[in-house]
Structures are given as C-alpha cells and as structure tokens.
Amino acid sequence: MTTQDHSHWRRQADQLSLITRPFIDGDFVDSQGAETLTAYNPATGDMLAEVTACNAADIDRAVAAARRVFEAGSWSRCAPLARKTVLLRFAALIEAHAEELALIQTLEMGKPIADSLGFDLAETARCVAWYAEAIDKQYDEIAPTGEDVHATISREPLGVVAAVVPWNFPLMIAAWKFAPALAMGNSVVIKPAEASSLSILRLAELAREAGLPAGVFNVTPGHGAVAGQALGLHMEVDALTFTGSTATGKRFMRYSSDSNLKRVWLECGGKSPHLVFADCPDLDAAAQAAAAGIFTNQGEVCIAGSRLFVEEAIFDAFLPRLLEAARAMPAGDPLDPATCMGALVSAEHQAKVLDFIEQGLAEGMTLHQGGRSASPVEGGWYLEPTILEGDPAATPMREEIFGPVLGISRFSGEAEAIALANDSVYGLGAGLWTGDLGRAHRVAKRLRAGLVWVNCYADGDISVPFGGVKQSGFGRDKSLHALDKYADLKTTWVNLAYAPS
Ligand code: NAD
1 MTTQDHSHWR RQADQLSLIT RPFIDGDFVD SQGAETLTAY NPATGDMLAE
51 VTACNAADID RAVAAARRVF EAGSWSRCAP LARKTVLLRF AALIEAHAEE
101 LALIQTLEMG KPIADSLGFD LAETARCVAW YAEAIDKQYD EIAPTGEDVH
151 ATISREPLGV VAAVVPWNFP LMIAAWKFAP ALAMGNSVVI KPAEASSLSI
201 LRLAELAREA GLPAGVFNVT PGHGAVAGQA LGLHMEVDAL TFTGSTATGK
251 RFMRYSSDSN LKRVWLECGG KSPHLVFADC PDLDAAAQAA AAGIFTNQGE
301 VCIAGSRLFV EEAIFDAFLP RLLEAARAMP AGDPLDPATC MGALVSAEHQ
351 AKVLDFIEQG LAEGMTLHQG GRSASPVEGG WYLEPTILEG DPAATPMREE
401 IFGPVLGISR FSGEAEAIAL ANDSVYGLGA GLWTGDLGRA HRVAKRLRAG
451 LVWVNCYADG DISVPFGGVK QSGFGRDKSL HALDKYADLK TTWVNLAYAP
501 S
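Per the UniProt record's numbering, the sequence shown runs over residues 1 to 501.
Structure representation (structure tokens):
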C-alpha cells in the first residue's frame with residue numbers, strides 16, 4: 001500500500017535519474033554495438049530514455065564473466081550461510097528502495113503505483129529473502145546401499161543460468177528466477193523485455209551494493225531476436241529459464257537443440273478458465289474476483305481469468321454484479337494511488353487488443369461493457385475494462401489477448417463446465433466457485449492446469465509452486481521445488497571395502 005498521494009508520485013517521477021547501460025561483470029558498461037531500445041511511458045506516450053541494447057558480443061562478455069566467477073568459486077563454492085547473508089542484504093536493500101523501484105516499474109510499463117509498490121516490490125523482496133533463508137536448510141542424501149558402500153546424492157549448482165523475462169511483472173518474475181538460481185550458487189545473466197529494462201538495471205546496482213561478487217549478477221537489455229537469441233544459442237549457458245509467450249518459448253526449445261542441449265524451463269501463455277457454479281456461496285465475492293482476475297494489471301497477466309463460465313441458473317443474477325465490479329475498475333493514471341487499472345504497455349499492444357474486440361463483435365459476441373480506448377491521461381495507451389459474451393469457440397474466448405478483455409459464456413452441469421474449461425491449448429490457472437466441498441475437489445482434480453483456485457482467484461504465496469501444463473510450459477517457479485531447476489544431482493559412490501594392499 002502507498003500512503004503517498006498523486007502529487008508526490010508525480011514529483012518523484014520528475015526527479016528520477018535512470019540507468020540505461022547494461023550491467024556486466026559488476027559494472028555499467030557500454031555496448032560493443034550502437035543499438036538502443038527506446039523506453040516509453042505508457043501512461044503518457046512520452047519517451048523515458050534510450051537504453052543500450054546488447055548485441056551478441058555483449059552477451060558473450062556477460063556469459064564469460066558469469067562463467068569466470070563461477071569457476072573461481074567465490075559465490076558458487078562459498079558456504080550457503082555466506083550466500084544467505086548477501087542475499088538477505090540484497091532483499092533489505094530492495095525493501096529500502098521499494099518506492100523508487102516501484103516508480104520506475106510503473107513508469108516503464110504502465111501498472112498502477114499501488115500495485116507496483118504493494119504487490120510487485122513486496123513480492124520481489126520477499127522472494128529474495130525467502131530463498132536466502134531456505135538455502136542453509138537444504139540437506140543432501142545418503143543412499144541405502146549397504147555397509148560396504150557410502151553413496152551420496154548431492155546437489156550442485158549448474159554454472160551460468162540465463163533468465164529471459166517479460167514486461168508485465170519486470171522485477172517479481174525476474175526474482176522468481178534469479179533468487180533460487182543465486183541461492184543455489186549459480187551466476188545469472190538476465191535479459192529483460194524490451195519495454196522494461198530500467199527497473200532491473202537499478203536493481204542491479206543494489207545487487208552490487210549488497211555484495212554479490214562481480215560477474216554473478218548481470219543484466220543485459222536488448223532485443224529478443226538478438227540478445228535473447230544469443231543467450232538461447234550460447235554454448236556456455238547451462239540453463240535458460242524463460243517467461244513469456246508460447247511462441248517464444250518454442251524458439252528456446254529449438255535454440256537449445258541447436259546448441260548445447262541446455263536445459264530450458266518455460267512459463268508461457270495462458271487462457272485461464274474461471275467457473276461459477278449455481279451453488280456459489282457468495283455471488284458478490286465471485287463477481288469481484290472475476291473482475292479483479294481479468295482487469296488487474298490491465299489484463300496483462302499470464303494467469304488472467306480471461307474465460308468466465310457461469311452456470312445458466314445464476315447467469316442473470318451474476319451478470320449485473322460482474323458489470324458493477326468492472327465499472328469499479330476504470331482505467332486511470334498509474335501514478336494516482338487510487339487507480340486499479342493503468343495503461344497498456346504500448347500503442348501496438350493497445351491496437352492488438354482492440355482488434356480482438358472487433359473480431360469478437362464480428363463473430364457475433366455481445367458487448368456488455370467497455371470495448372473502447374480510454375484517455376484518463378492525454379497521449380497514454382488505455383482501454384476500458386471490456387466484457388464480451390458469446391460462443392466459447394469465438395476468438396476472444398480462445399486466444400490469449402493479454403489485455404482487459406473478459407469473455408463470458410454459460411454452462412449447465414459439472415461435466416460441461418470441465419469440458420469447456422479444459423478445451424484450450426493452455427493449462428496455466430483455473431478457478432471455481434462452489435459451496436459443495438465434494439464438487440470443489442472433484443472438479444479441481446479434473447482441471448488440466450498447474451494452479452487451481454477454489455472460492456478465490458489468483459491467490460498465492462512464495463511457498464507454493466507456480467507454472468503450467470500443456471502449452472503453458474513446464475517447470476515451476478517459486479517454492480522449494482524451484483531450487484531443483486538450478487541444480488544437478490551428483491552421485492558419489494565410495495567403495496568402503498577397498499583396502500590398499
Ligand atoms: P515475449 O515472448 O514476446 O517476450 C518475452 C521475452 O522473450 C522478452 O525478454 C523478449 O525480448 C524475449 N524474446 C522475444 N522474442 C525472442 C526471440 N526470437 N528469441 C529470444 N528471445 C526473445 O512475451 P511478452 O510479450 O514479453 O510477455 C507476454 C507473454 O508472457 C504472454 O504470453 C504471457 O502469458 C506470458 N507470461 C507468462 C507467465 C507465466 O508465468 N506463465 C508470466 C508472465 C507472462
């Protein structure tokens with residue numbers, strides 16, 4: 001929560017100084033090329049900064065630094081307690097600079113300042129602290145082999161981990177990856193999305209201040225097809241953890257097979273179903289959760305509940321509640337602490353979302369709410385919260401829009417609800433509302449999704465895994481399970497019967 005008012009945030013925004021160069025081997029450096037990325041403020045359409053875009057040679061340099069320090073062992077082989085101390089300091093610095101980081105993130109991608117500070121930054125600091133605290137509580141194993149053998153199963157860091165991340169939660173999603181990777185002893189090279197390099201470059205400065213050795217934490221902004229591809233194809237990157245669209249995720253599988261078979265972890269797109277059964281215990285709460293489930297972060301959320309299925313018997317009672325909840329989330333200036341829906345990340349993205357709405361209308365869907373761009377601030381890329389009703393086969397009900405557009409449809413009975421929910425190439429999140437405990441468990445088991453919410457939507461905690469099935473990807477961020485992605489299991493077999501003659 002922010003206690004500061006709108007004018008405070010506007011003043012702070014005017015005084016910010018932004019870091020625009022890559023962070024490689026402990027320093028902000030110039031690129032070996034001349035390419036830049038233009039960062040815009042989606043709330044106004046104004047340019048924020050020109051950010052240096054890394055080319056393949058810059059990526060080579062970052063990976064070489066990460067490899068050198070990994071081999072030297074100052075981070076990779078130090079006691080977990082020592083890594084914990086540095087990471088806790090890093091988490092404390094993130095907390096201490098949360099307002100500044102939240103502001104940069106809001107300026108670069110348009111999310112409301114209240115969410116940026118109260119959610120993203122809080123979660124980012126908590127994530128780093130959580131893995132710091134976890135790492136000196138992990139034990140290895142001794143296998144039950146018999147008394148002539150001592151066989152240990154130990155976990156070892158992989159080496160260089162690349163993280164390629166999206167713009168919708170620039171710091172939190174990066175932290176879900178770098179925090180467990182660093183805690184395990186790896187070096188990381190983070191490639192932010194084109195639209196959101198500024199907040200993580202400031203974070204890199206805090207990583208250095210916390211005491212992470214040079215080369216352990218690198219941030220290489222750049223174009224996906226250049227810097228992202230160079231990491232994907234790099235022979236010295238041992239693992240690549242990705243969050244972004246399914247189409248780009250598939251590319252990373254190809255990059256891996258065309259290079260060194262680096263392991264790839266993918267968190268990709270979603271089209272998550274949200275089911276409201278006629279025995280829903282609280283229609284108001286369900287309507288509010290359905291609206292928040294799609295309009296939070298302007299709908300630019302991988303787990304957005306973008307397909308809402310409401311049981312026929314309660315549809316007419318539910319719809320007015322839903323519309324009221326949507327009206328309570330109009331697009332507003334992201335720097336106003338009262339705003340719950342900000343600006344879309346770019347003019348191109350706004351146009352793409354409007355196209356989906358047009359297509360839905362052309363396919364016969366009914367517009368209940370919104371459907372147009374909004375302009376709470378001149379020049380910004382806003383959209384009204386939009387609700388379309390229609391056939392589950394209509395394009396806006398099937399394709400990931402990644403904007404504030406909710407598709408709604410009716411169903412009758414449990415079997416149809418499950419069939420509709422599972423009829424998607426994606427399988428990230430799914431929600432259901434019912435007052436029947438048996439149904440809650442029955443349906444939750446049948447839903448093909450990595451995350452299922454019952455009588456709530458999109459709730460979570462760093463202690464539980466996050467990720468999907470089907471074309472939403474594989475591997476899990478968050479929880480202790482994420483540590484396994486950044487470690488190799490080593491078997492060491494010691495023959496105790498051997499006695500030198
Ligand atoms: P994107 O796939 O366009 O970009 C993601 C990252 O990949 C960026 O850093 C980008 O520069 C890089 N990239 C793009 N093209 C590349 C290429 N050819 N080679 C290498 N790297 C490349 O996705 P986006 O638009 O930034 O983010 C939106 C998508 O992310 C949505 O599909 C959303 O569902 C997904 N997402 C998923 C999760 C999850 O946890 N499953 C979370 C957030 C976002």
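In this text, a Cβ means the ideal position worked out from N, Cα and C, and glycines have one as well. Being a predicted model, the structure only gives us computed values, none of them experimental.
For L231, which residues from the same chain have a beta carbon less than 7 angstroms from its beta carbon, with the 5 sequence-adjacent residues on both sides left out? Start at 1 with the first residue of the sequence shown, and residue 231 comes out as number 231. Cβ within range, chain order: I59, A162, V164, V189, K191, V237, L240.
Quick check on P385: buried or exposed, where buried means 16 or more other Cβ atoms within 10 Å of its Cβ? By one-based count along the sequence shown, residue 385 stands at place 385. That one is buried.
Straight-line Cα distance separating I401 from D391: Counting from one through the sequence shown, the residue named residue 391 turns up at place 391. Counting from one through the sequence shown, the residue named residue 401 turns up at place 401. Straight across, the Cα-Cα distance linking D391 with I401 is about 16 angstroms.
Supposed contact pair V69 and G215 - C-beta distance, whole angstroms, cut 8 angstroms: Your numbering for residue 215 matches position 215 in the sequence shown. Your numbering for residue 69 matches position 69 in the sequence shown. Taking 8 angstroms as the upper bound for CB-CB distance, G215 and V69 are in contact here, some 4 angstroms apart.
Quick check on this structure: which residue in Q32, T44, E123, L206 has the alpha carbon closest to the alpha carbon of A57? Locating residue 57 in the sequence shown gives position 57, where the first residue counts as 1. Checking every option, the nearest Cα to that of A57 belongs to Q32.
Straight-line CA distance for E348 to G228? One-based indexing of the sequence shown puts residue 348 at position 348. One-based indexing of the sequence shown puts residue 228 at position 228. Answer to the nearest angstrom: the Cα atoms are 21 angstroms apart.
Proximity to L37 [Cα-Cα], best of L361, L388, E108: Walking along the sequence shown from the start, residue 37 turns up at place 37. Its Cα nearest to that of L37, the residue E108 stands out among L361, L388, E108.
Start-to-end residues for the beta strand (DSSP E) that takes in V405: Locating residue 405 in the sequence shown gives position 405, where the first residue counts as 1. Start and end: 405 to 411.
Return the Cβ separation of D279 and G438 in integer angstroms, given the expectation that the two are a contact with Cβ distance under 8 angstroms. Counting from one through the sequence shown, the residue named residue 279 turns up at place 279. Counting from one through the sequence shown, the residue named residue 438 turns up at place 438. Rounded, the Cβ-Cβ distance is 11 angstroms, inconsistent with contact.
Cβ contact check for the segment 322 to 332 and the segment 285 to 304: 3 or more pairs under 8 angstroms: In short, these stretches touch, since the Cβ pair count reaches three.
Report back the beta-carbon spacing between A43 and A343 to the nearest angstrom; my notes put them in contact at under 8 angstroms. Position 43 of the sequence shown, counted from the first residue, corresponds to residue 43. Position 343 of the sequence shown, counted from the first residue, corresponds to residue 343. The C-beta distance from A43 to A343 rounds to 5 angstroms, short enough to meet the 8 angstroms contact threshold.
I believe A394 touches G360 by the beta-carbon criterion, under 8 angstroms. Please report the beta-carbon distance rounded to the nearest angstrom. Here residue 394 refers to the residue found at position 394 when the sequence shown is read from its first residue. Here residue 360 refers to the residue found at position 360 when the sequence shown is read from its first residue. Yes, A394 and G360 are in contact; Cβ-Cβ is about 6 angstroms, under 8 angstroms.
Just grab the DSSP bridge partners of V219 for me. Stepping through the sequence shown from its first residue, residue 219 is reached at position 219. Answer is F23, I190, bridged to V219.
How about G185 and C78: do their beta carbons lie closer than 9 angstroms? Mapped onto the sequence shown, residue 185 falls at position 185. Mapped onto the sequence shown, residue 78 falls at position 78. By the CB criterion at 9 angstroms, G185 and C78 fall inside the cutoff.
Which value, in whole angstroms, describes the spacing of the CA atoms of N422 and M397? Locating residue 422 in the sequence shown gives position 422, counting from the first residue. Locating residue 397 in the sequence shown gives position 397, counting from the first residue. Roughly 13 angstroms between the two C-alpha positions.
Look at the alpha carbon of A72 and the alpha carbon of G211, and state the distance between them as a whole number of angstroms. Looking up residue 72 in the sequence shown gives position 72. Looking up residue 211 in the sequence shown gives position 211. The C-alpha of G211 is placed about 16 angstroms away from the C-alpha of A72.
Is P337 closer than 9 angstroms to A98 when the C-beta atoms are compared? Position 98 of the sequence shown, counting from 1, holds the residue named residue 98. Position 337 of the sequence shown, counting from 1, holds the residue named residue 337. Contact flag unset, no.
On the DSSP letters alone, give me the boundaries of the beta strand (DSSP E) that I153 sits inside. Mapped onto the sequence shown, residue 153 falls at position 153. 149 to 157 is the span of the beta strand (DSSP E), which, as asked, contains I153.
At 4 residues or longer, what runs of the alpha helix (DSSP H) sit wholly inside the segment 236 to 303? DSSP runs (the alpha helix (DSSP H)) wholly in the segment 236 to 303: 246 to 258, 283 to 295.
For the alpha helix (DSSP H) containing T124, name the first residue and the last one. What you label residue 124 is simply residue 124 of the sequence shown in a count that begins at 1. Start and end: 122 to 135.
Flag this pair as yes or no: are the beta carbons of P22 and A82 separated by less than 9 angstroms? As a first step, residue 22 must be located in the sequence shown, where it is residue number 22. As a first step, residue 82 must be located in the sequence shown, where it is residue number 82. No, these two residues do not count as a Cβ contact at 9 angstroms.
Can you tell me whether G244 is buried or exposed, with buried defined as 16 or more other CB within 10 angstroms of its CB? Against the sequence shown, residue 244 aligns to sequence position 244. Result: buried.
Simplified DSSP state of L480, which is helix, strand or coil: For this step, residue 480 is matched to residue 480 along the sequence shown. Correct three-state label for L480: coil.
Leaving out five residues on either side along the sequence, give the residues of the same chain with a beta carbon under 6 angstroms from the beta carbon of D46. Sequence index remark: in the sequence shown, residue 46 carries index 46 (1-based). The same chain holds no residue with a CB closer than 6 angstroms to that of D46 once the five nearest residues on each side in sequence are set aside.
Considering only residues of the same chain and omitting the five flanking positions on each side of S490, which have a CB-CB separation below 6 angstroms? As a working mapping, residue 490 is identified with position 490 in the sequence shown. Before going further, note that residue 490 is Lys rather than Ser in the sequence given. These residues qualify, in order along the chain: S154, E156.
Could you give the DSSP three-state label for F169: helix, strand or coil? The count along the sequence shown starts at 1 and reaches residue 169 at position 169. Note: F169 maps to coil in three-state DSSP.
Suppose contacts are defined by Cβ-Cβ distances below 9 angstroms. Is residue 506 in contact with F466 by that definition? Absent from the structure is residue 506, since the part of the chain shown begins at 1 and ends at 501.
Step through the CB atoms of chain D and report whether any lies within less than 9 angstroms of the CB of L354. No chain D appears in this structure, which consists of one protein chain only.
Please report the straight-line C-alpha distance between H234 and N260, rounded to a whole angstrom. Along the sequence shown, read from residue 1 onward, the residue named residue 234 stands at position 234. Along the sequence shown, read from residue 1 onward, the residue named residue 260 stands at position 260. Taking the CA atoms as reference points, H234 sits about 8 angstroms from N260.
Buried or exposed for K111, going by 16 or more other Cβ atoms inside 10 Å? The residue labelled residue 111 in the question sits at position 111 within the sequence shown. Burial is judged here by how many other beta carbons sit within 10 angstroms of a residue's own beta carbon; K111 has at least 16 and is buried.
With burial defined as no fewer than 16 other Cβ atoms inside 10 Å of the residue's Cβ, what is the status of V464: buried or exposed? Along the sequence shown, read from residue 1 onward, the residue named residue 464 stands at position 464. The residue is exposed, with fewer than 16 neighbouring Cβ atoms inside 10 Å.
For E209, which residues from the same chain have a beta carbon less than 7 angstroms from its beta carbon, with the 5 sequence-adjacent residues on both sides left out? The residue you call residue 209 lines up with position 209 of the sequence shown. Leaving aside the five residues that flank E209 on each side, the residues in its chain whose CB is nearer than 7 angstroms to its CB run, in chain order, L93.
Could you check what DSSP says for H441 in three-state terms: helix, strand or coil? Along the sequence shown, one-based indexing puts residue 441 at 441. H441: helix per DSSP, three-state reduction.
Where does E141 sit, in a helix, a strand or coil, going by DSSP? Taking the first residue of the sequence shown as 1, we reach residue 141 at position 141. Of the three classes helix, strand and coil, the one that applies to E141 here is strand, per DSSP.
What do you get for E267, buried or exposed, if any count of 16 or more other CB atoms within 10 angstroms of its CB means buried? The residue you call residue 267 lines up with position 267 of the sequence shown. Buried, because 16 or more other Cβ atoms sit within 10 Å of the Cβ of E267.
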